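Participant: Per the UniProt record's numbering, residue 1 is the first one in the sequence shown, and the count goes up by one each step. Glycine included, every Cβ here is placed at the ideal spot set by N, Cα and C. Fair warning: this is a prediction, and the values are worked out from it, not measured in the lab.
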Amino acid sequence: MKYIRCIYLGLLFFIYESINQIVRVVLLIHVGTSAIDSFYSIPLILSVGFINDVFPFILITLPLAICVLLTGSRVVGKITQQILFFVFSLYTAVFLFTGAAEYLFWDELHCRFNFIAIDYLIYTTEVVKNIIESYPIIPILIGILLCSLGVSWILLRPIAKKINNIPVPSVRWFFSVWIILASITTIYSPPTFSNNALSQELSKNGIWSLFSAFRNNQLDYRQFYPVIDKKLAFELLHHELIEPNSVFFNDNSMEWRRYIHSNSPEKHLNVITIVVESLGSVSLGDRTPHLNDLSKKCLYFTNMKATGTRTVRGLEAIILSLPPTPGASIVRRPNNHNLFNTGTLFRQRGYDTVFIYGGYGYFDNMNEFFSGNGFRIIDRSTIPDEYKTFTNAWGICDEDLFDAVIREADIAYTSNKPFYHVALTTSNHRPFTYPDGRVDVPSGTSRTGAIKYTDYAIHRFLKEAKKKPWFSDTIFIIVADHTAGSAGKTVLPPDNYDIPCFIYSPAHIKSQKIDTLCCQLDIAPTLFSLLNWNYSSSFFGKNILTLSKNDGRAWIGTYQLLGYLTEKELVILEPLKNPIIESFLSSYTTATNKSNSILIQQAIAVYQTAQELFTQGKLKENMLSTPDEIILSTSQ
């Protein structure tokens, strides 16, 4: 028993690694064959996973290793067996809790811990309430506690009395190895062993992923991504933004600002934009009879992509018409006030601009962003209790939210003021709870029920709106913020970014199905073209109605990955790696990597210039004073 202290730490590693590998096996079963490309996939996932597990364990147990391996026998003797047992049990409980949390996180987002988990640690009130409402948390915690105590007692009992009598020199070599491994940890990066994104994700270590997300919370484009000459970048952006009825501020090929003009009289219609939580196109069908019916009565965009995987990404694209720059959404960044946005143009015409949210608007910095960009805020904290019929961790139910939207529209109409109101729903989100009796699926049981309730609530809202005097002069935009999950075999699976978008105004807009590839940042330019507005613009989006099918494109991304999608190809920009192109042969299902310098340069140009313009303050409202000669030339 010479190395009994090493055995103490070895047993702890045995528990830690067993939990991690069990989690991997469970997640493998959960995703099915999507993560398996060959006979060797499972052994590779588990073996690479083992390597990825070692280094986090070395770091998180370093304080314990110092105490156990370097203290003398007399000192160790004063540390009671109960304390050693308690510390062992505590680590075991943490490992078990992390394993359970990883499964629940994967079940919701189909990936290991990432920057979203960091957000969850920041916004604990909503998240804790959501967890309590979604899962039997008390039984889970009791089970973890009892399991950790039982396992610790079984494993430590044979060595408990012997650990005090082992001399220190016999284990110092082991501590030296520990320090060497800890040093390697500072430069270690999980290896890439597969092109299958799910295989890579399963091999990761949850704790390591969490710390990595925290460390990489902000990303500087020039530091991490490929760049091209500034002049070339802006020239390519200039070319990307060319479209009918637009004139650039000057003849400089690096100019991005332009004046959009119409040959028809402006329409000062009201606009209500409903941003629906997690409503991917795959959600439509048998569960959404009302939205199916609506799609036949409006402009229905069947090939729209979400720009990202978070609500704040969707809001960024819809309000600012910007691609998803790396790192946090602009909604959550500093210096995001007074930006040129959709509300800018409405306020210039005397509109009432309001952001209406069923939850607490401080979440994800939404109140700060919208108020800093000219919107009045209505959220859970400002809606009177008598108007709240049902709430959960995330906010009031969608019916209550839509009632608030109608009240605000009534107030604006009574004041003879046109309105632009943006509403964000919450019900289509775990714990999937909603008022009883609305749909045929019990509340809190599944996403299917939440989707059906969302469909019901939107139908009820439009039905009530039709009774109002402002209905006939109002455009309704219904669009998702993102899909329910974006994981797939490829790192940016395009099909998993599909979202529906409806633009409905029976008195002003003819029904039509649009299948041109587009994304959320195209909504604003399309809306203003329907209104025939003349305006200066720094939007990166384009009018979908004048975009030919062959010119369709979309900007999609995650926190770190940036994608430029065309009908047949996808450029992927990844930190500290060469750009790649996935060339799709059949509806994004078969891909081969290849090189296309022109397409890659186009992708780099848009992301590089978007980041640069924002960080340099060139997307502010005051940067868009239209030259008089342009206004005169377009009015003739």
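I'd like the span of the alpha helix (DSSP H) that includes Ile45, first residue to last.
Facilitator: For Ile45, the uninterrupted alpha helix (DSSP H) run begins and ends at 41–60, by DSSP.
Participant: Tell me the DSSP secondary structure of Asn367 in three-state form.
Facilitator: helix
Participant: Could you say which of Ala610, Gln200, Thr185, Ile184 lies nearest to Pro191 if we only look at CA atoms?
Facilitator: Gln200
Participant: Decide yes or no for the touch test of the region 466–483 against the region 247–264: beta carbon pairs closer than 8 Å, at least 3 of them.
Facilitator: Not touching, per the Cβ criterion.
Participant: Would you kindly report the start and end of the unbroken alpha helix (DSSP H) that includes Gly485?
Facilitator: Element bounds for Gly485: n/a, residue is neither H nor E.
Participant: Expressed to the nearest angstrom, what Euclidean distance is found between the alpha-carbon atoms of Phe461 and Phe211?
Facilitator: 43 Å
Participant: Name the two residues that bound the continuous beta strand (DSSP E) containing Arg258.
Facilitator: 258–260
Participant: Apart from the five residues just before and just after Phe471, which ones in its own chain have a Cβ nearer than 6 Å to its Cβ?
Facilitator: Ala465
Participant: Measuring alpha carbon to alpha carbon, tell me which residue in Leu284, Trp106, Ile42, Cys67 is nearest Tyr8.
Facilitator: Cys67
Participant: The alpha helix (DSSP H) with Thr566 in it runs from where to where?
Facilitator: For Thr566, no alpha helix (DSSP H) encloses it, and the DSSP letter there is neither H nor E.
Participant: Taking the alpha carbon of Trp533 as the point to measure from, which residue in Thr342, Val26, Asp229 has its own alpha carbon closest?
Facilitator: Thr342
Participant: Helix or strand or just coil, what does DSSP make of Val26?
Facilitator: helix
Participant: So the candidates are Thr92, Phe346, Phe234; which of them puts its Cα closest to the Cα of Leu141?
Facilitator: Of Thr92, Phe346, Phe234, the residue nearest in Cα terms is Thr92.
Participant: Return the chain-ordered list of same chain residues with a C-beta closer than 6 Å to the C-beta of Asp403, the five sequence neighbours on each side being excluded.
Facilitator: none
Participant: Output yes or no for whether 9 Å exceeds the beta carbon distance between Val246 and Gly541.
Facilitator: Reading off the sequence, residue 246 comes out as Ser, not Val. No.
Participant: Please report the straight-line C-alpha distance between Leu241 and Trp256, rounded to a whole angstrom.
Facilitator: 7 Å
Participant: What are the complete alpha helix (DSSP H) segments, minimum 4 residues, inside the region 293–324?
Facilitator: 311–320
Participant: Could you check how far apart the C-beta atoms of Trp555 and Thr307 are, in whole angstroms? I think they sit under 8 Å.
Facilitator: 6 Å
Participant: By how many angstroms is the C-alpha of Thr433 removed from the C-alpha of Val439?
Facilitator: 11 Å
Participant: Given a cut-off of 9 Å, decide if Thr516 and Asn303 are closer than it, judged by their beta-carbon atoms.
Facilitator: yes
Participant: Pick helix, strand or coil for Gly350, following the three-state DSSP scheme.
Facilitator: In the structure shown, Gly350 falls within a coil segment according to DSSP collapsed to helix, strand and coil.
Participant: Hey, how far is the Cα of Asp398 from the Cα of Thr454?
Facilitator: So the alpha carbons of these two residues sit roughly 7 Å apart.
Participant: Which of the three DSSP states, helix, strand or coil, is assigned to Leu284?
Facilitator: coil
Participant: Output yes or no for whether 9 Å exceeds the beta carbon distance between His238 and Phe224.
Facilitator: no
Participant: Measuring CB to CB, does Glu567 end up less than 9 Å from Gly552?
Facilitator: yes
Participant: Going by beta carbon distance, what residues of the same chain come within less than 6 Å of Ser209, once the five residues before and after it are set aside?
Facilitator: Take Ser209, set aside five residues on each side of it, and the residues of its chain with a beta-carbon closer than 6 Å to its own are Arg112, Phe113, in chain order.
Participant: Using CA atoms only, rank isn't needed, just tell me which of Gln616, Leu530, Thr609 is closest to Cys298.
Facilitator: Leu530
Participant: Indicate the three-state DSSP secondary structure (helix, strand or coil) for Gly99 in the structure shown.
Facilitator: If DSSP states are grouped into helix, strand and coil, Gly99 belongs with the helices.
Participant: So the alpha helix (DSSP H) Lys231 belongs to, where does it begin and stop?
Facilitator: Lys231 -> alpha helix (DSSP H) spans 230–240.
Participant: Taking the continuous alpha helix (DSSP H) assigned at Gln512, which residues delimit it?
Facilitator: Counting along the chain, Gln512 falls outside any alpha helix (DSSP H), though it belongs to the beta strand (DSSP E) covering 512–514.
Participant: Quick check on the burial criterion: 16 or more other C-beta atoms within 10 angstroms. Buried or exposed for Thr344?
Facilitator: In the assembly as shown, Thr344 is a buried residue. Its beta-carbon has 16 or more other beta-carbons within 10 Å.
Participant: Less than 9 Å between the beta carbons of Asp352 and His421, yes or no?
Facilitator: The Cβ atoms of Asp352 and His421 lie closer than 9 Å to each other.
Participant: Using the C-alpha atoms, what's the distance from Gly143 back to Cys501?
Facilitator: Taking the straight line from one Cα to the other gives about 45 Å.
Participant: Does the beta-carbon of Asn252 have 16 or more other beta-carbons within 10 angstroms, so that it is buried, or is it exposed?
Facilitator: By the neighbour-count rule (16 or more Cβ atoms within 10 Å), Asn252 is not buried but exposed.
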